[in-house]
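Shown next, in structure tokens, is the structure this report addresses.
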Amino acid sequence: MRRFSWTMKRMTALTFDVPAPTGPDRTGTSAMHLVDSTRSDASAPSGQRELMVNVWYPAEPDARGEVARYMPPKQALAWDEDTRLSGDLGASAGFVDLPEVRTHSLIDVPVRPGAHPVVLFSPGYYHSRFQNTAHIEELASHGYIVVAMDHTHETPVEFPGGRLVPGTGEPIATTPTYRSAIAARVADTRFVLDQLAGFRDGVAADADGKQLPPGLAAALDLERTGMFGFSAGGYTTARAMFVDLRIAAGANLDGTLADDKLESPTSEISERGLDRPLLLFGSDGSQRLADPNDREHYDLSWVHFWKSHQSWKLNLQLPGAKHIAFTDLLYVYADLLRQLVPNDLELRQLASNRTLGTVDPARGLAAQRAYLTAYFDQVLRHNPSPLLNGPSADFPEITFVP
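Using our numbering, the first residue of the sequence shown is number 781, and each one after it goes up by one.
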């Protein structure tokens, strides 16, 4: 986001409201520390690869507990510095007070009884597992168990006890670095699937001995496992599906399906496709409808994938959206700008357009949550959704890409 000429009159930190999920379930969440003994990491205390994940889930209706904060404090400050969330508003890191933001989920409360489908989430390159909290809580409120991963050393990660492992601090990786990062992400994904199977089969605690939320083990229906991700997380989803049959379906939020979409705009994934469903949900920059003659401004890997994919597929466009509009920043920026310049609609709109595109934040998020939930309902629960059959009067802004 570019700097604009407003005056920083407000000295107190800003927060924002996470949009409430629309499903019938209350939601719970639990942070877990996992250690992969099969992969080494000299920087870790154990000498082995460490991960932090959060599990969101449908909670018991009468659950009571502490409401989860958006992000742990040390991780929040480091992530703010790396992404320049506060900096692009003309302030120092921490001006947007992420740890003071409350979500809609209760910490470590009991899981609603029943077998619940599982959906993994992988964030964008150097981004956080919390960056799509609104999408994740939406799925949990509709009865899904969602497991979001931080990919250590890409993004700042706060481990138990306040130990912070820094991230790369670089939004754009070189092709070799990016390829290596995707490989690590796929390995993280497969390890997390192994850990979930262990929880289901009787492992009762994480690497630090923290007990699972009551009822979680029995609720994990790993026979119905899906995955979604934003940007590099979308590519991670497709790559993980390519090598691991445990993932029955995936969704890619605006992620290129190649290691470098300009220098080498195809990949094994885009050339061969997959044998299980994958939803593509993209911005103008991913879709050939934006400008079919401009190679630098649409993603050829999506075109190749669409032709080669061997299973059910759907390609949706959110017209007017820029890349980052497929994360929480879609509503976060809108909320922050309303607080910073409450009386200047034109300036707010200009700032929003340059960062998010012309998409309406509330409508854009509602559409993403609705289509993502309908998709997983159809492919994991086998509940067909009319929303996926073609253009809808409920969301006329969504384009079905042929």
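Backbone N, C-alpha and C define an ideal beta-carbon position, used for all residues, glycine too.
>> Taking the alpha carbon of A811 as the reference point, which residue from T1135, R882, L992 has its own alpha carbon closest?
In response: L992
>> As an exercise, report each continuous beta strand (DSSP E) stretch of at least 3 residues that is fully enclosed by the stretch 814-850, in chain order.
In response: 828-839, 847-849
> Does the distance from the CB of F1156 to the CB of Y924 come in under 9 Å?
Replying inline: yes
> So, is S823 buried or exposed, given that buried needs 16 or more other C-beta atoms within 10 angstroms?
Replying inline: exposed
>> In the DSSP output, which residue or residues are listed as bridge partners for R1161?
In response: According to DSSP, R1161 bridges with nothing at all.
>> Pairs of beta-carbons, one from the stretch 884-891 and one from the stretch 1079-1089, closer than 8 Å: are there three or more?
In response: no
> Going by C-alpha distance, which of G867, L1033, P946, T1153 is nearest D930?
Replying inline: P946
> Based on the DSSP output, what are the partners of M1021 in its beta bridges?
Replying inline: Paired residue(s): none; M1021 is not in a bridge.
>> Whole angstroms are fine: how far does the CA of A1150 sit from the CA of V1159?
In response: 14 Å
> Whole-angstrom Cβ separation of P1171 and F1180, contact assumed at under 8 Å?
Replying inline: 6 Å
> Are the CB atoms of F1010 and S902 nearer to each other than 9 Å?
Replying inline: yes
> Are T1005 and V1139 closer than 9 Å when you measure CB to CB?
Replying inline: no
> To which residues of the same chain is D1183 closer than 6 Å at the C-beta, ignoring the five residues directly before and after it?
Replying inline: Coverage of the chain is limited to positions 781 through 1182, which leaves residue 1183 absent and any answer about it impossible.
> Taking the beta strand (DSSP E) that V927 falls in, what are its first and last residues?
Replying inline: 925-929
> Which residues in the same chain as S1132 place their Cβ atom closer than 8 Å to its Cβ, once the five residues preceding and following it in sequence are excluded?
Replying inline: Y1113, A1114, L1117, P1141
>> For D1019 and D860, I'd like the C-alpha separation in whole angstroms.
In response: The question names Asp, but residue 1019 in the sequence shown is Arg. C-alpha separation (whole angstroms): 29 Å.
> Identify the residues that DSSP records as bridge partners of Q991: which are they?
Replying inline: A985
>> In this structure, how does DSSP classify I1178 when only helix, strand and coil are distinguished?
In response: coil
> What first and last residue would you give for the beta strand (DSSP E) that runs through L1127?
Replying inline: Taken as a continuous stretch (DSSP letters only), L1127 belongs to no beta strand (DSSP E), being part of the alpha helix (DSSP H) at 1125-1136.
> Taking Cβ positions only, does P936 come closer than 9 Å to chain B?
Replying inline: Of the protein chains in the structure, only one exists, and it is not chain B.
> For H884, does the three-state DSSP call read helix, strand or coil?
Replying inline: strand
> For the candidate residues H1162, R1052, V1023, F1008, whose alpha-carbon lies nearest to that of Q1184?
Replying inline: The structure shown does not extend to residue 1184, since the chain is modelled only from 781 through 1182, so no value can be given for it.
> What is the C-beta distance between I1178 and L1136, in whole angstroms, given that I count them as a contact (C-beta under 8 Å)?
Replying inline: 16 Å between Cβ atoms; not a contact.
> Counting pairs of Cβ atoms below 8 Å between the stretch 927-944 and the stretch 819-837, do you hit three or more?
Replying inline: yes
> Between V847 and T883, is the Cβ-Cβ spacing less than 9 Å?
Replying inline: yes
> Who pairs with G1006 in a beta bridge, going by DSSP?
Replying inline: V899, A1029
>> What would DSSP say about E934, mapped onto helix, strand or coil?
In response: coil
> Going by other Cβ atoms of all chains shown within 10 Å of its Cβ, with 16 needed for buried, is H922 buried or exposed?
Replying inline: buried
> Less than 9 Å separating the beta-carbons of L973 and I1027?
Replying inline: yes
> Once you ignore the five residues that flank P897 on each side, which residues in its own chain have a CB closer than 6 Å to its CB?
Replying inline: Y924, D1001, R1004, L1160
> Do you know whose CA, among G1013, G995, D1039, lies nearest L1060's CA?
Replying inline: G1013
> Under a three-way DSSP split, which group does Q742 fall into?
Replying inline: Shown here, the chain extends from 781 to 1182; a query on residue 742 therefore has no answer.
> What separation, rounded to the nearest whole angstrom, lies between the Cα atoms of L996 and R980?
Replying inline: 8 Å
> What are the boundary residues of the beta strand (DSSP E) that includes L865?
Replying inline: That residue, L865, is in no beta strand (DSSP E); it is neither H nor E in DSSP.
> Which residue comes first and which comes last in the beta strand (DSSP E) that contains L1059?
Replying inline: 1058-1062
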